[in-house]
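Numbering (UniProt numbering), first residue to last: 1 to 165.
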Amino acid sequence: MMESNADSFNEQPVFAAELFPHRSLGRRGFKVLLVLSGAVCLLYGTFFIATGAWPIGLFFGLDFALLYGAFWLNYRSGKAREQVTVSRTDVSVRKFAPSGRMVEHHFNPFWTRFLVRRHQEIGILSMHIFGEGRRTDIGSFLNPDDRESFAKAFKGALATVKQRI
Numbered sequence: 001m002m003e004s005n006a007d008s009f010n011e012q013p014v015f016a017a018e019l020f021p022h023r024s025l026g027r028r029g030f031k032v033l034l035v036l037s038g039a040v041c042l043l044y045g046t047f048f049i050a051t052g053a054w055p056i057g058l059f060f061g062l063d064f065a066l067l068y069g070a071f072w073l074n075y076r077s078g079k080a081r082e083q084v085t086v087s088r089t090d091v092s093v094r095k096f097a098p099s100g101r102m103v104e105h106h107f108n109p110f111w112t113r114f115l116v117r118r119h120q121e122i123g124i125l126s127m128h129i130f131g132e133g134r135r136t137d138i139g140s141f142l143n144p145d146d147r148e149s150f151a152k153a154f155k156g157a158l159a160t161v162k163q164r165i
């Protein structure tokens with residue numbers, strides 16, 4: 001009975017975070033942008049087609065299609081996310097691709113090293129987790145402030161787990 005309580009205690013996460021890319025334009029703003037740009041492209045495209053400059057009118061349609069495609073790809077890439085948990089027995093990194101495919105990495109917290117590459121002016125450039133001959137990057141899509149915040153919290157969690165032997 002005591003052994004199962006100790007196992008469940010060891011499995012309790014000391015740290016858990018879900019990382020996802022920031023999108024400055026929400027869904028509502030995206031719809032407003034599409035309606036306004038669609039109206040402008042339709043108005044000017046119709047004008048140019050009516051005046052006989054039909055290739056210019058077609059380019060307005062192409063511009064709108066490219067704008068829509070660029071934002072569609074941007075929002076699709078925003079579906080990427082990472083789940084990071086640290087317990088006394090495991091460091092787990094689950095990476096979800098925009099397609100929904102998931103890759104999971106596990107590390108022993110006592111052998112795990114956390115490497116942060118910094119630039120003097122920019123801040124954190126990249127973060128990597130190493131352990132037992134394996135390595136994975138983490139939070140590559142985060143902005144500099146979020147990278148700083150995550151790095152500080154993750155380092156603290158690893159230090160906490162390594163102290164409690």
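A virtual CB, placed ideally from N, CA and C, is assigned to each residue, including glycine.
Quick check on K95: does DSSP put it in helix, strand or coil? Taking the sequence shown and counting its residues from 1, one reaches residue 95 at position 95. Strand.
Residue from E82, Q120, I129, R101 whose Cα sits closest to the Cα of R113: Position 113 of the sequence shown, counted from the first residue, corresponds to residue 113. Minimum Cα distance to R113 is reached at I129.
Quick one: measure Cβ to Cβ for F107 and A17, integer angstroms, because I've assumed they're closer than 8 Å. On the sequence shown, residue 107 is found 107 positions in, with the first residue counted as 1. On the sequence shown, residue 17 is found 17 positions in, with the first residue counted as 1. That pair is no contact at about 15 Å.
Specify, as a first and last residue, the run of the beta strand (DSSP E) that F15 falls within. Taking the sequence shown and counting its residues from 1, the one referred to as residue 15 is at position 15. F15 -> beta strand (DSSP E) spans 15-19.
Mind pulling the alpha helix (DSSP H) runs of 4 or more residues that sit fully within the segment 28-87? The segment 28-87 contains these whole alpha helix (DSSP H) runs: 54-77.
Proximity winner among T160, I138, G57, K152, relative to P21 (alpha-carbon distances): By 1-based counting over the sequence shown, the position of residue 21 is 21. Closest in C-alpha terms to P21, from the list T160, I138, G57, K152, comes I138.
Determine the closest residue to I30 out of Q12, S77, Y68, with distance taken between C-alpha atoms. Translated into the one-based positions of the sequence shown, residue 30 becomes position 30. Position check: residue 30 holds Phe in this sequence, whereas Ile was assumed. The option with the nearest alpha carbon to F30 is Y68.
Residues of its chain near A97, where Cβ-Cβ distance is below 7 Å and the 5 sequence neighbours each way are ignored: On the sequence shown, residue 97 is found 97 positions in, with the first residue counted as 1. Closer than 7 Å at Cβ, skipping near neighbours: A80.
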